[in-house]
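Residue numbers for the sequence shown follow this note's numbering, beginning at 3 and rising by one.
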Amino acid sequence: MSSEPPPMTRPPPSDPSAPHGVVLKGIAGSPGVAVGPALVVGDTKTAYTRRHISSTQIEAEVARLAQAVTDAKRHVREVSASLPPGPLETNAILDAYLTMIGDPMLIERVEKKIRDEKKCAEWAVAQACDEIAKLFLPSELGERDAYIAERRHDIEFVCDRLLRELTGDTKLIVPRLDQPMVVVARDLSPADTAGMVREPVIAFITEIGTRTSHTAIMARALEIPAVVGAADALSMIRTGDTVIVDGLRGQVVVNPNDLTIGDARGRGARHLAFARGLLSARNQPCVTRDGEAVCLKANVELPAEAILALDHGAEGIGLYRTEFIYIDRTTMPTEDEQYELYRAVVEAVAPRPVTLRTFDIGGDKFASSFQLPAEMNPALGLRAVRLALSRPDVFLTQLRAMIRASAHGDLRIMIPMVASVQELREVRKLLDQAIFEVDAAGHPRLAHISLGIMIEVPSAVVMADVLAQEAEFFSIGTNDLIQYTLAIDRGNRSMAPLASPFHPAILRMIRQVVRAAAEHNVPTALCGAMASDPLAAVLLVGLGLRELSMEAAAIPEIKEAVRRVTTADCERAAETALKLDTAEAVEELVAGTFAPSLYDLLTGNDDDAPYEQETSPQGRETLPDA
Ligand code: PEP
Ligand code: MG
Numbered sequence: 003m004s005s006e007p008p009p010m011t012r013p014p015p016s017d018p019s020a021p022h023g024v025v026l027k028g029i030a031g032s033p034g035v036a037v038g039p040a041l042v043v044g045d046t047k048t049a050y051t052r053r054h055i056s057s058t059q060i061e062a063e064v065a066r067l068a069q070a071v072t073d074a075k076r077h078v079r080e081v082s083a084s085l086p087p088g089p090l091e092t093n094a095i096l097d098a099y100l101t102m103i104g105d106p107m108l109i110e111r112v113e114k115k116i117r118d119e120k121k122c123a124e125w126a127v128a129q130a131c132d133e134i135a136k137l138f139l140p141s142e143l144g145e146r147d148a149y150i151a152e153r154r155h156d157i158e159f160v161c162d163r164l165l166r167e168l169t170g171d172t173k174l175i176v177p178r179l180d181q182p183m184v185v186v187a188r189d190l191s192p193a194d195t196a197g198m199v200r201e202p203v204i205a206f207i208t209e210i211g212t213r214t215s216h217t218a219i220m221a222r223a224l225e226i227p228a229v230v231g232a233a234d235a236l237s238m239i240r241t242g243d244t245v246i247v248d249g250l251r252g253q254v255v256v257n258p259n260d261l262t263i264g265d266a267r268g269r270g271a272r273h274l275a276f277a278r279g280l281l282s283a284r285n286q287p288c289v290t291r292d293g294e295a296v297c298l299k300a301n302v303e304l305p306a307e308a309i310l311a312l313d314h315g316a317e318g319i320g321l322y323r324t325e326f327i328y329i330d331r332t333t334m335p336t337e338d339e340q341y342e343l344y345r346a347v348v349e350a351v352a353p354r355p356v357t358l359r360t361f362d363i364g365g366d367k368f369a370s371s372f373q374l375p376a377e378m379n380p381a382l383g384l385r386a387v388r389l390a391l392s393r394p395d396v397f398l399t400q401l402r403a404m405i406r407a408s409a410h411g412d413l414r415i416m417i418p419m420v421a422s423v424q425e426l427r428e429v430r431k432l433l434d435q436a437i438f439e440v441d442a443a444g445h446p447r448l449a450h451i452s453l454g455i456m457i458e459v460p461s462a463v464v465m466a467d468v469l470a471q472e473a474e475f476f477s478i479g480t481n482d483l484i485q486y487t488l489a490i491d492r493g494n495r496s497m498a499p500l501a502s503p504f505h506p507a508i509l510r511m512i513r514q515v516v517r518a519a520a521e522h523n524v525p526t527a528l529c530g531a532m533a534s535d536p537l538a539a540v541l542l543v544g545l546g547l548r549e550l551s552m553e554a555a556a557i558p559e560i561k562e563a564v565r566r567v568t569t570a571d572c573e574r575a576a577e578t579a580l581k582l583d584t585a586e587a588v589e590e591l592v593a594g595t596f597a598p599s600l601y602d603l604l605t606g607n608d609d610d611a612p613y614e615q616e617t618s619p620q621g622r623e624t625l626p627d628a
């Protein structure tokens, strides 16, 4: 071990040069830097009166609810129609809200409260939404928090929209502005965010939200810089204060001096030029400098995200986490309902391939519809394929829906958490049975549906050569593989620094899987979060992977990273890394080798790059300093 500073390490994600003013830390919701006067807007929650109704008022109250549903849908459609052409994902998110507003599960629940509990429509809506939102309370801090918080946010939005219609409170929360301003709010619904394009809103700051919240996705689509999750924003900022919204660093500066403002404006201009360069390259082929193709696909959880994925240049969906269909409800999704969802994704992406993963429920992904018993150690309990095999009725329903959706495009099926070949065999038997049933019902389907497995349990790595004889493809799930190999709970934030994808044990396992797969001609991808880190991605290329699947937003920069390196450099780095003994040593090696040419991708900006920036292979020019 050496006490010498490393020759080159990964650049820090944010390196603010002591800004002048009050600095608030938040989450980088949408990139870009904006400077302007603040407009603090109130809480978006709608007030209503709780009223008991008489039996004779029930039908009128149910009719009010129906009218509110119609009006809320019309409102969302109007917002959607008012958007400028371009950001497809914005409309996709609003479409998803349209579906949620009319969701029979929600409406039935509200109606029941009106009829059985004799509550007025507002009260019934608020209570029903509250009950559904409670299903999304995170049990502990973890990676899933962002997703769960986002689903809760969706439900809150739907509830608020219905309440606004019922109470007649349909005013925009952002008043008409006469000068460009930065909106500061506790929270903004995606529709409110979308509405901002008609107002001169140059950025926004919210107290709650995450990088993956739909509001942040909207902001990115509309190219409005945003900092979300800035905890003290409402108490620290007054209307009229000058604020810098730094959506790159996830930082807000209140009342900065001229020097800090000038610095921020310069960085904003440089980022804009940088981002334009990246996106313009998104449809370029993803090939290394020495001509090796690397296929980049997207991980999605909602049909609406499939469109977002294409917009970012995904060559298909490498992982569709279907478990999220089960978690916001108390009843199981039907075959027809699932078929429609899978079909929507497959059709949106066709002719590109879609890999549907069968439900991975259990562990940190609970589902009230399964009514699972509490377990001492859920990550090691009845989860994923084990749960599927213990509930063949539910599993067959999902398989039939998937098989039927295969009639509409290139669809594959993937099994999560396979720990032994026996599980694969049992799934294959059930798949054959489901195919028989789909045929018997006269539904069309693909002639052959590939059945692959996730490699995310250490035993699957060890047995990869055996599994490769029966699985038609592999996808390495490093999120769980790291958890189970290093014995670190993936949801435990305080342990997160130890759960490094650069740990030599993880690299050796990936190498072992890639080799076993190659011997048996089994196509192998990697779909863990590791793939969306530029340094890890090029190392994975060196380890022999030629397909990576990741969150859609990361695709343009990973593509750019791949296009700047050679396979020979990646392989050399991987060979050396495999001989090192610690994660730190591996990361240092990879950063030392690649950070100089990937510096801007690692920091999200050409800012302060201490290296000579080469002209990238597709000819993107070095950006001039602002
Ligand atoms: C993984 O474990 O790496 C993976 C991609 O699956 P999930 O994150 O859904 O468990
Ligand atoms: Mg997993």
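Note that CB positions come from ideal geometry on N, CA and C, so glycine has one too.
Here the structure is a predicted model, which is why all the values come from computation and not from measurement.
{"Check": "C-alpha gap between LEU448 and GLU439, whole angstroms", "Outcome": "14 Å"}
{"Check": "Burial state of ALA556 (16 or more Cβ within 10 Å)", "Outcome": "buried"}
{"Check": "Inter-residue Cα distance where the pair is VAL588 and LEU432", "Outcome": "43 Å"}
{"Check": "Where PRO394 sits in the DSSP three-state scheme", "Outcome": "helix"}
{"Check": "GLU113: CB within 6 Å of a non-hydrogen atom of the ligand MG", "Outcome": "no"}
{"Check": "Beta strand (DSSP E) segment containing SER32, residue limits", "Outcome": "29 to 32"}
{"Check": "Stretch-stretch touch, CB-based, cutoff 8 Å, three pairs: the segment 53 to 68 with the segment 258 to 276", "Outcome": "no"}
{"Check": "Proximity of LEU545 and ILE512 at Cβ, strictly below 7 Å", "Outcome": "yes"}
{"Check": "Range of the contiguous alpha helix (DSSP H) that encloses TYR486", "Outcome": "480 to 488"}
{"Check": "Cβ neighbours of ASP292 in the same chain (closer than 6 Å, five flanking residues each side left out)", "Outcome": "THR568, THR569"}
{"Check": "Alpha helix (DSSP H) runs wholly inside the segment 227 to 257, at least 4 long, in chain order", "Outcome": "235 to 238"}
{"Check": "Lining residues of the ligand MG - beta-carbon closer than 5 Å to any non-hydrogen atom, in sequence order", "Outcome": "GLU458, GLY479, ASP482"}
{"Check": "Residues of its chain near ARG323, where Cβ-Cβ distance is below 8 Å and the 5 sequence neighbours each way are ignored", "Outcome": "ASN301, VAL302, GLU303, ARG359, ASP362"}
{"Check": "Close beta carbons around GLU110, own chain, < 6 Å, minus the five adjacent residues each side", "Outcome": "none"}
{"Check": "Cβ-Cβ separation, TRP125 to ARG52 (assumed contact under 8 Å), whole Å", "Outcome": "5 Å"}
{"Check": "ILE451: first and last residue of the uninterrupted alpha helix (DSSP H) it sits in", "Outcome": "Premise fails: ILE451 is in no alpha helix (DSSP H) and is neither H nor E."}
{"Check": "Identity of the residues DSSP links to THR526 by a beta bridge", "Outcome": "PHE476"}
{"Check": "Same chain, Cβ closer than 6 Å to PRO335, five either side skipped, listed in chain order", "Outcome": "ILE327"}
{"Check": "LYS27 versus ILE263 - alpha carbon distance", "Outcome": "17 Å"}
{"Check": "Supposed close pair ALA554, ALA311 - CB separation, criterion 8 Å", "Outcome": "4 Å"}
{"Check": "DSSP-derived helix/strand/coil call for THR169", "Outcome": "helix"}
{"Check": "For LYS299, the three-state DSSP class (helix, strand or coil)", "Outcome": "strand"}
{"Check": "Cβ pair ALA308, ALA350 closer than 7 Å", "Outcome": "yes"}
{"Check": "PRO418 classed as buried or exposed, judged by whether at least 16 other C-beta atoms fall within 10 angstroms", "Outcome": "buried"}
{"Check": "Pair within 7 Å by beta-carbon distance, PHE596 and VAL540", "Outcome": "yes"}
{"Check": "Distance CB(ARG566)-CB(SER534) smaller than 7 Å", "Outcome": "no"}
{"Check": "PRO558 and HIS314 closer than 7 Å at C-beta", "Outcome": "yes"}
{"Check": "For ALA36, the first and last residue of its enclosing beta strand (DSSP E)", "Outcome": "35 to 42"}
{"Check": "Straight-line Cα distance separating VAL255 from HIS22", "Outcome": "8 Å"}
{"Check": "Start-to-end residues for the alpha helix (DSSP H) that takes in TYR344", "Outcome": "337 to 351"}
{"Check": "Presumed contact (8 Å Cβ cut-off) between ALA128 and TYR50, rounded CB distance", "Outcome": "7 Å"}
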